[in-house]
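Residue numbers (the numbering used here): 273 to 650.
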Ligand code: MG
């Protein structure tokens, strides 16, 4: 059998050959580890391709330079992989989880998710994390023998980063850890923090680029101010665009260095010897207390000044209306659904409509709304 290089994995990393396996047993691959295979399945999925036309803060047609969920997921994977290599963790698993973590997001970011959750209130709610799992477990249709992508337990566990106890009880093995209050693998913990590092920093960049945030406003955020000064000192004539990018890349580096050092310290202190030990321990992948405070300050700043900016609110308001009007129209009149969804809707209409809407890209949702409501559109 050809050698499957997994690098120098630490004993507490997730080892592909010790995976808890897939729901449907499949023969091992000749040339890839099980986690490489998961990553590849995710990249080839339909939901992954749709991430290109889904957004978190800005709507897809607002500009070509802003992050989409696809570029966001790639940035998360990049940060995740580089930290994983430093810590001797499984890069393939971190990459797979990072690339899949947003697959269940609705169109129009959080506004879309809130609206769909409200529509689904009487039907079990809608949660993007659970939906990501649903995409890889059930909704992708590409294999002859099963629905979904049939991913490994460890990848699925990483995708489901939050879950209410009520839902956890319905999920069986994958929900267990929320009931037992255990941690997921270090790779899953890492993908989660890589997500936070990525979105905080790219939202600063996109926020400034769009003109919704101003540089002097950013100077009130200590982590930002602390990194701007040395850049200005080194490059006094630098233009604003480069100043922002130089600053942001230095912030990302500071966060990553802190994350690696703090995690190494946590690992030394708790000395886990296996993935099982990791599950029983408190979260080991973390920022230092000081850096946690600074990272949270960025988050709060972005909430107050970008996500709640009146221009973003105006768009969010439209997005919510599109999602809820689509839902209500389809729920009242299921015959408006495409035939395959009509058939599936016979089992659970509300959930089928939620799946249909959640799968839409921003522009598809806008178009579908027009098709249903504008009298002059076919
Ligand atoms: Mg994300």
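Even glycine gets a Cβ: it sits at the ideal position worked out from N, Cα and C. Note that the coordinates shown come from a computational prediction; the quantities given were computed from them, not determined experimentally.
| query | result |
| --- | --- |
| Identity of the residues DSSP links to residue 294 by a beta bridge | 424 |
| Residues near residue 555 in its chain [Cβ-Cβ closer than 7 Å; skip 5 each side] | 455, 461 |
| Residue from 600, 647, 281, 644 with nearest C-alpha to residue 459 | 281 |
| Burial state of residue 524 (16 or more Cβ within 10 Å) | buried |
| Ligand 1 heavy atom lying under 7 Å from the CB of residue 641 | no |
| C-alpha gap between residue 613 and residue 625, whole angstroms | 8 Å |
| Straight-line gap, residue 620 to residue 603 (C-alpha atoms, nearest Å) | 11 Å |
| Residue 379 in three-state terms, based on DSSP | coil |
| Straight-line gap, residue 273 to residue 288 (C-alpha atoms, nearest Å) | Its pLDDT being 40, under 50, residue 273 is placed unreliably in this model, and the coordinates cannot settle the point. |
| Inter-stretch contact at 8 Å, needing at least 3 Cβ pairs: the region 420–432 / the region 396–408 | yes |
| Heavy atom of ligand 1 within 7 Å of residue 374 beta-carbon | yes |
| Length of the line joining the Cα atoms of residue 438 and residue 447 | 10 Å |
| Residue 522 versus residue 499: straight-line alpha-carbon distance, rounded | 7 Å |
| Stretch pair the region 355–374 + the region 308–325: three plus CB contacts closer than 8 Å | yes |
| Cβ-Cβ distance between residue 597 and residue 641 below 8 Å | yes |
| Distance CB(residue 372)-CB(residue 427) smaller than 8 Å | yes |
| Proximity test, residue 651 beta-carbon vs ligand 1 heavy atom, cut-off 7 Å | Nothing can be reported for residue 651, as the shown portion of the chain is limited to 273 through 650. |
| Contact test: residue 467 Cβ vs ligand 3 heavy atom, cutoff 7 Å | Ligands in the displayed structure: ligand 1; ligand 3 is not one of them. |
| Cβ neighbour criterion (16 or more within 10 Å) applied to residue 492 | exposed |
| Integer Cβ distance of residue 329 from residue 376, believed to fall under 8 Å | Incorrect: roughly 18 Å between the Cβ atoms, too far for contact. |
| Sequence-distant residues of its chain with Cβ nearer than 8 Å to residue 569 (five each side left out) | 493, 494, 495 |
| Residue span of the alpha helix (DSSP H) that contains residue 373, given as start and end | Neither: residue 373 is in no alpha helix (DSSP H) and is coded neither H nor E. |
| Same chain only: Cβ atoms within 7 Å of residue 550, ignoring 5 sequence neighbours per side | 284, 455, 457, 458, 544, 556 |
| Close-in-space but distant-in-sequence residues of the same chain around residue 553 (CB under 7 Å, 5 per side omitted) | 455, 542, 544 |
| Beta-carbon proximity of residue 374 to residue 323, cut-off 8 Å | yes |
| Identity of the residue in 304, 352, 321, 293 nearest residue 531 by Cα | 352 |
| Helix, strand or coil at residue 273 according to DSSP, with G and I counted as helix | Caution is warranted here: a pLDDT of 40 is assigned to residue 273, below 50, making its placement in the model unreliable, and the coordinate value is therefore given only provisionally. Coil, per DSSP. |
| Whole-angstrom distance between residue 449 and residue 277, CA atom to CA atom | Residue placement at residue 277 is flagged as unreliable, the pLDDT there being 45, under the threshold of 50; the coordinate-derived value follows with that caveat. Each residue's alpha carbon lies about 30 Å from the other. |
| Nearest-angstrom beta carbon gap, residue 581 and residue 484 [assumed within contact, 8 Å] | 5 Å |
| Contacts around residue 275, its chain only, beta-carbon distance under 8 Å, and the 5 residues preceding and following it disregarded | Model confidence at residue 275 stands at a pLDDT of 42, short of 50, so the residue's coordinates are unreliable; what they give is reported in the following sentence. Around residue 275: no qualifying Cβ. |
| Range covered by the alpha helix (DSSP H) that runs through residue 474 | 458–482 |
| Residue 318 and residue 412 closer than 8 Å at C-beta | yes |
| Buried versus exposed, by CB contacts within 10 Å (16 or more), residue 301 | exposed |
| Nearest neighbour of residue 293, chosen from 340, 421, 490, 588 [CA to CA] | 421 |
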